[in-house]
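S.K.:
Numbering (the numbering used here), first residue to last: 4 to 500.
See below:
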């Protein structure tokens, strides 16, 4: 009976989402309001009002450190995506490229370029499905069937742990009490394995869309994916996860653009003007992380540390600060500073639910941890299932992500328990945390919310069931792959302890 009471916050969140009558922010509010009395009155360890206040403050601190990544990324993307010569949305591609006669192979290469490079790049700055928008804009010219365009749009979400400036990964690392770089590098393993599933889906959809290709082209695509993932891991290790995908995929996008589209000099100059803000931002962030003296100076000036086991706030080193400063500088150089208020309002309107749920779920996670509820669940699960308890992680985390269209709720509810379980079983904490995180983030690919976004962008309303029918075998394969990884972690303990 006590375990049923302790599970009430998760049940409330789940039922609220399933009802379809409230958004994720309302679900988070109800979850937190349920957590408070359960923790105070029925927690397994003594939990007074003073401890509750500290737990809530810890959650607020986590949110305050991570929120600038979301809002700063949105603000910078909006400003940088504008036409430098006027206040209109920058075109996705030069009109001359639209009028070019495209061979099936050229089409396929642009589709791959949009799905696995441009889409993830856009998603990494902003999140919120913007990667799908960028992919659809590039591919709309080809008049693909809506169901095929929907799947191509969804494939932009395959590197989602690095989406929205890796805000979800930073949040998960805070819950797990491990460095964000370590969690991101470990998460690259399931992401790379799942890429086999996403590539198979791409090949099937491309063939059905009339842009099939010989195995030599498929091997070329595998090589590009391998190069991009290796570059992503290296930049994550050296620069941190926040800007890793920008730094890794930016040069690859330029190379593919030159190889496949072969723009003329005028087109190249126009493209260079559009990407200049990104180049300057990435270069500055890279220098701030790679030059030891500069890194030390920026990370220590004005640093605020409220809790020794949580991320500190360094205003001159924080990537969110750089994103906001980059947006302001771009507006200043383009003489568009009068549009700052408009851009800020748009950024808040787009990101408000993500920011609010970030704070709410962070507070919920801290209360569940401080009251001992997360640890008690982990101990009970381990007593019942032993090391095999980790086998349910992909199902539990992935199921929540499919419903909530985000891995953050699952991480806030289950990550502390997963870490406690790893300690109980003697498993690698980074490996267990990465499995929990990647399962929630990556299986959100199949979320109905994400599907509805793809349908709206591709004018595919009414095609959702047909698309889900095509996705079903790949969903089964993705879950099976993650469960196989869970079995390996349980059997070996992970790579490092």
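Quick reminder that beta carbons are idealized off the backbone N, C-alpha and C, glycines included.
#1: Rounded to whole angstroms, how far is the Cβ of residue 330 from the Cβ of residue 79, which I believe are closer than 8 Å?
#2: Quick one: using the 10 Å Cβ neighbour count with 16 as the cut-off for buried, is residue 439 buried or exposed?
#3: Is the segment 60-73 touching the segment 360-377 in the sense that three or more CB pairs, one from each, lie closer than 8 Å?
#4: Rounded to whole angstroms, what's the CA-CA distance from residue 37 to residue 11? Just pull it up for me.
#5: For residue 216, tell me which candidate among 479, 487 and 114 has the shortest Cα-Cα distance.
#6: Going by DSSP, what residues sit across from residue 307 in a beta bridge?
#7: Are the Cβ atoms of residue 1 and residue 47 separated by less than 8 Å?
#8: According to DSSP, is residue 486 part of a helix, a strand, or is it coil?
#9: I'd like to check one pair, residue 149 with residue 466: are the Cβ atoms closer than 8 Å?
#10: Can you tell me which of 469, 456 and 431 puts its alpha carbon nearest to the alpha carbon of residue 489?
#11: Pop quiz: residue 154 and residue 208 are said to be a contact at Cβ under 8 Å. What is the actual Cβ separation, rounded to whole angstroms?
#12: Using DSSP with H/G/I as helix, E/B as strand and the rest coil, what is residue 338?
#13: Looking only at its chain, what residues have a beta carbon closer than 6 Å to the beta carbon of residue 128, apart from the 5 residues adjacent to it on each side?
#14: Are the segment 20-36 and the segment 322-336 touching by the rule of at least three beta carbon pairs closer than 8 Å?
#15: Following the continuous alpha helix (DSSP H) through residue 445, name the residue where it begins and the one where it ends.
#16: Look at the alpha carbon of residue 57 and the alpha carbon of residue 375, and state the distance between them as a whole number of angstroms.
#17: Assuming residue 450 and residue 411 form a contact by the criterion Cβ under 8 Å, report the distance between their Cβ atoms to the nearest whole angstrom.
#18: Measuring alpha carbon to alpha carbon, tell me which of 445, 471 and 234 ends up nearest residue 455.
#19: Quick check: residue 252 and residue 286, are their CB atoms within less than 8 Å of each other?
#20: Which word fits residue 353, buried or exposed, when buried means at least 16 other C-beta atoms lie within 10 angstroms of its C-beta?
#21: Please report the residue range of the alpha helix (DSSP H) in which residue 451 lies.
#22: Is DSSP giving residue 110 helix, strand or coil here?
#23: Please name the residue, chosen from 39, 310, 133 and 188, that lies closest to residue 247 on a Cα-to-Cα basis.
#24: I'd like to check one pair, residue 118 with residue 50: are the Cβ atoms closer than 8 Å?
#25: Using CA coordinates, which residue listed in 111, 326, 82 and 356 is at the minimum distance from residue 211?
#26: Out of curiosity, what's the CA-to-CA distance linking residue 98 and residue 144?
#27: Tell me the start and end of each unbroken alpha helix (DSSP H) in the segment 195-267 that is at least 4 residues and wholly inside, in chain order.
#28: Within the same chain, show all residues whose beta-carbon is closer than 6 Å to that of residue 147, passing over the 5 residues directly before and after it, in chain order.
#29: What does a CB cutoff of less than 7 Å around residue 318 pick up in its chain, not counting 5 residues either side in sequence?
#30: So residue 126 is in the alpha helix (DSSP H); what residue range does that whole segment cover?
#31: Look at the alpha carbon of residue 332 and the alpha carbon of residue 298, and state the distance between them as a whole number of angstroms.
#32: Buried or exposed: where does residue 418 fall if 16 or more other Cβ atoms within 10 Å of its Cβ makes it buried?
#33: Is the CB-CB distance between residue 157 and residue 457 below 8 Å?
#34: For a test of the three-state rule: what should DSSP assign to residue 143, helix, strand or coil?
#35: Since residue 177 is in the alpha helix (DSSP H), which residue starts that stretch and which ends it?
#36: Which class does residue 24 belong to by DSSP, given the choice of helix, strand or coil?
M.R.: By the coordinates alone:
#1: Your pair residue 330 and residue 79 checks out as a contact, with CB atoms roughly 4 Å apart and the cut at 8 Å.
#2: Buried, because 16 or more other Cβ atoms sit within 10 Å of the Cβ of residue 439.
#3: With a cut-off of 8 Å, the segment 60-73 and the segment 360-377 count as touching, because enough Cβ pairs lie within range.
#4: Rounded to whole angstroms, residue 37 to residue 11 spans 7 Å at the Cα level.
#5: The candidate whose alpha carbon is nearest that of residue 216 is 114.
#6: DSSP lists 316 as partners of residue 307.
#7: The displayed coordinates of the chain run from 4 to 500. Any statement about residue 1 would go beyond what the structure contains.
#8: In the three-state DSSP reduction, residue 486 falls in the helix class (H, G or I).
#9: Yes. Within cutoff.
#10: The residue with the shortest Cα to Cα distance from residue 489 is 431.
#11: So it is a contact: roughly 5 Å between Cβ atoms.
#12: In the three-state reduction of the DSSP assignment, residue 338 falls in the coil class, being assigned neither a helical nor a strand state.
#13: Its chain contains 76 and 80 as the residues whose beta carbon lies nearer than 6 Å to that of residue 128, once the 5 sequence neighbours on both sides are disregarded; these appear in chain order.
#14: With a cut-off of 8 Å, the segment 322-336 and the segment 20-36 do not count as touching, because too few Cβ pairs lie within range.
#15: Taken as a continuous stretch (DSSP letters only), the alpha helix (DSSP H) holding residue 445 covers 432-446.
#16: When rounded, the distance between both Cα atoms is 14 Å.
#17: About 13 Å separates the CB atoms of residue 450 and residue 411; that is not less than 8 Å, and the two are not in contact.
#18: The shortest Cα separation from residue 455 among 445, 471 and 234 belongs to 471.
#19: In this structure, residue 252 keeps its C-beta atom at 8 Å or more from the C-beta atom of residue 286.
#20: When all chains shown are included, residue 353 counts as buried.
#21: Counting along the chain, the alpha helix (DSSP H) containing residue 451 begins and ends at 451-461.
#22: DSSP, reduced to helix, strand and coil, places residue 110 within a helical segment of the structure shown.
#23: Taking the Cα of residue 247 as reference, the smallest distance to any Cα among 39, 310, 133 and 188 is reached at 188.
#24: Not closer than 8 Å, so no.
#25: Checked all of 111, 326, 82 and 356; the closest Cα to residue 211 is 111.
#26: The pLDDT assigned to residue 98 is 44, lower than 50, so where the model puts this residue is not dependable, and the model offers no usable value.
#27: You should have 218-242 and 247-259.
#28: Only 212 meet the Cβ criterion.
#29: Counting only Cβ-Cβ distances below 7 Å, and skipping sequence neighbours, we find 305 and 324.
#30: Boundaries of the alpha helix (DSSP H) around residue 126: 122-129.
#31: Spanning the two alpha carbons is a distance of roughly 22 Å.
#32: The residue in question, residue 418, is buried, as its Cβ has 16 or more Cβ neighbours within 10 Å.
#33: Yes, the Cβ-Cβ distance between residue 157 and residue 457 is below 8 Å.
#34: In the three-state reduction of the DSSP assignment, residue 143 falls in the helix class, which pools H, G and I.
#35: First-last of the alpha helix (DSSP H) with residue 177: 166-179.
#36: Note: residue 24 maps to coil in three-state DSSP.
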